[in-house]
Amino acid sequence: MPCNVLQRKDDGIEFIFWYKNDGVTALYTLDARDRRLANATHMRNETYSDRVQFHVTGDVPYLQMDYLREEDTGSYFCRVDYQWSATELKRVNLVVVVPPKHLVIRDDLGQEIRDIAGPYKEKSDVSLYCEAQKGKEH
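Adding 247 to a residue's 1-based position in the sequence shown gives its number in our numbering.
Listed below in structure tokens is the structure:
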């Protein structure tokens with residue numbers, strides 16, 4: 248998730264915080280007081296400790312989140328505190344699409360098709376229905 252921060256020559260970044268939804272506790276904190284971003288101290292919230300990493304060395308700093316879960320869906324906020332300039336707040340929406348756990352194919356009589364549908368006469372109309380079970384729509 249990108250955090251498009253303005254790196255000003257006349258002002259340094261002191262902190263970058265990542266929050267989820269309206270959270271009070273940061274899930275990730277970057278402390279860059281009195282040092283360059285590349286040498287900043289990284290601190291992770293216990294809940295996300297093994298799944299998040301903030302990368303600051305590319306053109307656009309970004310938060311990498313691994314092993315996504317359904318409950319990771321939400322709005323994430325990147326807050327940048329500068330030494331002199333006003334704080335910036337950037338929002339990124341993350342949608343985790345959960346694939347169906349089980350698919351069921353049924354014929355027009357409602358019977359579940361397990362391996363092969365048919366036999367059907369050539370040029371006849373065939374209706375098959377697919378049901379997705381235990382998935383999540385977004």
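Here a beta-carbon is modelled for each residue, glycine too, at the ideal position from N, C-alpha and C.
Residue burial is scored here from C-beta neighbours: Val303 has at least 16 other C-beta atoms within 10 angstroms and is therefore classed as buried.
Beta-bridge partners of Ser322 (DSSP): Asn340. In its chain, beyond the 5 residues on either side, Phe264, Met290 have a beta carbon closer than 6 Å to the beta carbon of Thr276. Relative to the Cα of Asp306, the nearest Cα in the group Gly365, Cys250, Asp372, Tyr329 belongs to Cys250. In the three-state DSSP reduction, Glu369 falls in the coil class, being neither helix nor strand.
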